[in-house]
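For reference, the structure discussed in these notes is given below.
In our numbering, the protein residues as written are 9 to 231.
What follows is the structure, given as structure tokens:
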């Protein structure tokens, strides 16, 4: 499978570069930068577990979306990550006494409206399926590194539908996130399917996130 993906990536490179070969040095530079950004993102998400309301769900999602393109300004983006790490390190030392419902979010970066509803309903997303846990390998050629990264993400149920991850592996990933974050519920959002939520504690349903969008029914979370 790795060899197949490498061949497909080689074809994509030739198509994008008008037949020119891959610039290995440039790709290695991007891979190293991506690994650096991924490590900083994971640090932010771990710190945010102790201060989930300091950095709310919407800007956190924007950070995750930006980790793929850095908004065209990688140096400024990385500097922002460093600043947030410093701020969250301090914020995590102060116990959070405000009420909130911890939620795991399974979906892409187009669910800003849903995240706003969650925040307005005293929810806080503490786990993100879109966030990967691995880095690109540095001991193999760059295209092979990309192939391994994609296959590893699929087998770990990470990066969502965009990476071709199966529903079975995604379910395993959701369970891991719930155990790590102690979330009360899961919100699953897809471009093609209606949003739904699974109650983890059905005996106590005290909050309803009730805004309706196209193909998105009201969802319920356990308090």
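Even glycine gets a Cβ: it sits at the ideal position worked out from N, Cα and C.
In whole angstroms, what separates the C-alpha of residue i from that of residue j?
i, j, result
"residue 210", "residue 141", "Bear in mind that a pLDDT of 37 at residue 210, under 50, signals an unreliable position, so the model cannot answer this."
"residue 67", "residue 148", "35 angstroms"
"residue 122", "residue 195", "9 angstroms"
"residue 51", "residue 89", "9 angstroms"
"residue 28", "residue 157", "24 angstroms"
"residue 94", "residue 36", "28 angstroms"
"residue 23", "residue 175", "31 angstroms"
"residue 96", "residue 190", "19 angstroms"
"residue 120", "residue 132", "13 angstroms"
"residue 31", "residue 58", "42 angstroms"
"residue 114", "residue 15", "31 angstroms"
"residue 129", "residue 153", "42 angstroms"
"residue 41", "residue 164", "22 angstroms"
"residue 43", "residue 18", "22 angstroms"
"residue 91", "residue 84", "10 angstroms"
"residue 20", "residue 76", "18 angstroms"
"residue 9", "residue 160", "12 angstroms"
"residue 112", "residue 26", "42 angstroms"
"residue 65", "residue 53", "11 angstroms"
"residue 79", "residue 69", "13 angstroms"
"residue 179", "residue 162", "12 angstroms"
"residue 82", "residue 73", "13 angstroms"
"residue 177", "residue 107", "32 angstroms"
"residue 188", "residue 47", "18 angstroms"
"residue 11", "residue 183", "31 angstroms"
Quick test of your reading: residue i and residue j, contact by CB under 8 angstroms. State the CB separation rounded to the nearest angstrom.
i, j, result
"residue 185", "residue 135", "4 angstroms"
"residue 45", "residue 102", "About 27 angstroms separates the two Cβ atoms, so there is no contact after all."
"residue 63", "residue 155", "Contact flag wrong, Cβ pair sits at about 33 angstroms."
"residue 49", "residue 144", "The pair is not a contact, with the Cβ atoms about 14 angstroms apart (cut-off 8 angstroms)."
Do you know whose CA, among the options, lies nearest residue i's CA?
i, options, result
"residue 192", "110, 91, 144", "110"
"residue 61", "157, 33, 105, 15", "105"
"residue 33", "163, 150, 145, 127", "150"
"residue 56", "99, 74, 179, 126", "99"
"residue 126", "197, 54, 178", "197"
"residue 167", "138, 107, 73", "138"
Would you list the residues sitting across from residue i in a DSSP beta bridge?
i, result
"residue 135", "112"
Does any residue of chain B have a CB that is nearer than 8 angstroms to the CB of residue i?
i, result
"residue 135", "Checking the listed chains, one finds no chain B in this structure; it contains a single protein chain."
Q: Let me know the alpha helix (DSSP H) ranges lying completely inside the stretch 17-71, each 4 residues or longer, listed in chain order.
A: 32-56
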